[in-house]
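So the sequence shown is numbered by numbering that gives the first Met the number 0: it starts at 0 and just counts up by one.
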Amino acid sequence: MTGSMNFARGYHTASILPNGLVLVVGGTNSSGVYFNSTELYNPSTSTWTTTGSMNAGRDIHTASALANGKVLVAGGYGNGSYLTSAELY
């Protein structure tokens with residue numbers, strides 16, 4: 000068993016970072032709130048930490064780990080429309 004995320008969320012993404020941490024981005028909750036928040040999971044300690052926020056809350060987006068160690072978060076759906084924006088973590 001592992002620790003729990005700080006926010007219950009669905010339709011988010013999870014990306015493995017070069018340092019072994021897992022970045023969870025966005026998603027939505029059962030009330031339809033679109034999260035702009037991100038969380039880091041440390042598999043060594045089974046702990047979750049909140050980290051930076053995106054400019055736009057989104058779900059059903061994509062997240063791609065890049066060769067430079069950053070994660071590109073693109074598209075998705077938020078606040079009643081599909082998004083064309085992209086952000087780097």
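Here a beta-carbon is modelled for each residue, glycine too, at the ideal position from N, C-alpha and C. Small disclaimer: the values here were computed from a predicted structure and weren't measured.
- Ranked by Cα distance from Val21, the first of Thr48, Tyr10, Met53 and Asn35 is Thr48.
- Under the DSSP assignment, Gly51 falls in the beta strand (DSSP E) whose first and last residues are Thr46 to Ser52.
- Excluding sequence positions up to five before and after Ala85, its CB lies within less than 8 Å of the CB of Leu71, Val72, Ala73 and Gly74, all in the same chain and listed in chain order.
- Counted as a single uninterrupted DSSP element, the beta strand (DSSP E) harbouring Ala64 occupies residues Thr61 to Ala64.
- In its chain, beyond the 5 residues on either side, Gly74 and Gly75 have a beta carbon closer than 8 Å to the beta carbon of Tyr81.
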